[in-house]
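Written below as structure tokens is the structure these notes are about.
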Amino acid sequence: MRKLVMLGALLLAGAGVSWALSPYVTVSESGMGKDGAEMAVHVGARGWSSVQAVHVDVEYDPSGLSLVGFEAGDLFGEPLVFGPYDRAERQVVDVQVASLSGPVSAGEAEVGVIRFRVLDGSRATVRVVSLETAGADWSVESHVSYANAVGVTGTPRATRLLGGAPNPFNPETEVRFELAERGEVSVSVYDVSGREVRRLVEGVREAGVHGVVWDGRSDGGASVSSGVYFVRFQAGSKVEAKRLTLIR
Numbered sequence: 003m004r005k006l007v008m009l010g011a012l013l014l015a016g017a018g019v020s021w022a023l024s025p026y027v028t029v030s031e032s033g034m035g036k037d038g039a040e041m042a043v044h045v046g047a048r049g050w051s052s053v054q055a056v057h058v059d060v061e062y063d064p065s066g067l068s069l070v071g072f073e074a075g076d077l078f079g080e081p082l083v084f085g086p087y088d089r090a091e092r093q094v095v096d097v098q099v100a101s102l103s104g105p106v107s108a109g110e111a112e113v114g115v116i117r118f119r120v121l122d123g124s125r126a127t128v129r130v131v132s133l134e135t136a137g138a139d140w141s142v143e144s145h146v147s148y149a150n151a152v153g154v155t156g157t158p159r160a161t162r163l164l165g166g167a168p169n170p171f172n173p174e175t176e177v178r179f180e181l182a183e184r185g186e187v188s189v190s191v192y193d194v195s196g197r198e199v200r201r202l203v204e205g206v207r208e209a210g211v212h213g214v215v216w217d218g219r220s221d222g223g224a225s226v227s228s229g230v231y232f233v234r235f236q237a238g239s240k241v242e243a244k245r246l247t248l249i250r
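Numbering of the sequence shown is given in our numbering, commencing with residue 3 and proceeding in unit increments.
As structure tokens, then:
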């Protein structure tokens, strides 16, 4: 009973944003996006640490998608699943998954797959709006908001820099970006003086969500000092920069 009560608290509690987790969503589908096809939304994250339960909210357009069901992923070996609950009035599906065999830590693992039926391919878009975790005592430990919108083909609708996660970080962070179409991409890290410290990406990349790890080293392989850095992203005419904080 305590597990059920605390999992309920996980759904209701508010918590500060934690950068320990880096959530992601990928999409696969059959039928080339045609009406009636099935769309599988894979929800996962990198950086799991002593997690006992997870709650995920996925936003969708009910005029474009209809909920079919949920399958637990590989995060928990013996999962207890609550949901999926279709909150069509809020355009959200939420699901909770808990471990019955103790807390889990993993570099990368999937919470599960939410399946939809495509009603209108032009409106078949989903995004993870929040991901909450609970630890061994069943209290809320992290709350991560994420706004990675993808269509039925898994192609982002916009080209943009998502930033680094975790941030602040030590010893490494993953810089993620989205490409709406194939093209030349450049991603570099600069110090506060404007000097390029590390070139992370240079070349053509396919449309989709991409990630590259910066290990806190320069192009020459030397460890850089603690402090504030900036990651600069350029794809065509799109140029963005975001702040990174390295703590040694």
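All C-beta atoms, glycine included, are put in the ideal place defined by N, C-alpha and C.
Expressed to the nearest angstrom, what Euclidean distance is found between the alpha-carbon atoms of residue i and residue j?
i, j, result
"Gly114", "Glu61", "15 Å"
"Glu180", "Gly79", "31 Å"
"Gly33", "Val45", "For Gly33, the predicted structure reports a pLDDT of 45, less than 50, and the residue's modelled location is therefore unreliable. The matter cannot be settled from this model."
"Arg184", "Gly238", "10 Å"
"Pro81", "Ala55", "9 Å"
"Gly213", "Thr161", "14 Å"
"Gly71", "Val43", "11 Å"
"Val58", "Arg92", "14 Å"
"Val130", "Arg219", "32 Å"
"Arg250", "Ser225", "10 Å"
"Gly38", "Gly123", "9 Å"
"Glu176", "Ser68", "33 Å"
"Glu198", "Ser107", "35 Å"
"Phe232", "Leu121", "42 Å"
"Ala151", "Ala126", "Only weak support exists for where Ala151 lies, its pLDDT of 48 falling under 50; the coordinates are left without a value."
"Arg201", "Gly165", "15 Å"
"Asp63", "Tyr87", "15 Å"
"Glu112", "Ser101", "13 Å"
Where does residue i fall in DSSP's three states?
i, result
"Ala90", "helix"
"Arg197", "coil"
"Asp124", "The sequence given here has Ser at residue 124, not Asp. Helix, per DSSP."
"Leu181", "strand"
"Ala103", "Correcting the residue identity first, residue 103 is Ser in this sequence and not Ala. If DSSP states are grouped into helix, strand and coil, Ser103 belongs with coil."
"Gly79", "coil"
"Thr155", "The predicted model places Thr155 with a pLDDT of 47, which falls under 50 and marks its position as unreliable; any figure quoted below should be read in that light. In the structure shown, Thr155 sits in coil (DSSP, three-state: anything other than H, G, I, E or B)."
In the DSSP assignment, find the unbroken beta strand (DSSP E) run with residue i in it and report its ends.
i, result
"Arg48", "40-53"
"Phe118", "106-120"
"Ser188", "185-193"
"Ala243", "240-248"
"Ala74", "67-74"
"Val167", "Here residue 167 is Ala; the residue named in the question, Val, does not match the sequence. From DSSP, the beta strand (DSSP E) with Ala167 extends over 162-167."
"Gly229", "229-237"
"Val214", "210-216"
With distances taken Cα to Cα, identify the nearest neighbour of residue i among the options.
i, options, result
"Val194", "Gly104, Gly229, Ala167", "Gly229"
"Ala243", "Phe72, Arg234, Ser65", "Arg234"
"Lys240", "Val187, Thr135, Val94, Val99", "Val187"
"Arg117", "Thr135, Val106, Ala74, Val99", "Ala74"
"Thr28", "Ala108, Arg197, Gly218, Ala209", "Ala209"
"Val94", "Phe171, Leu77, Gly85, Gly104", "Gly85"
"Asp217", "Val53, Gly196, Leu133, Pro170", "Pro170"
"Ala167", "Leu248, Val97, Glu40, Val53", "Leu248"
"Arg48", "Ser65, Gly66, Glu174", "Glu174"
I'd like to confirm the pairing. Which residues does DSSP put opposite residue i in its beta bridges?
i, result
"Phe84", "Gln98"
"Glu176", "Ala167, Val215"
"Ser225", "Arg219"
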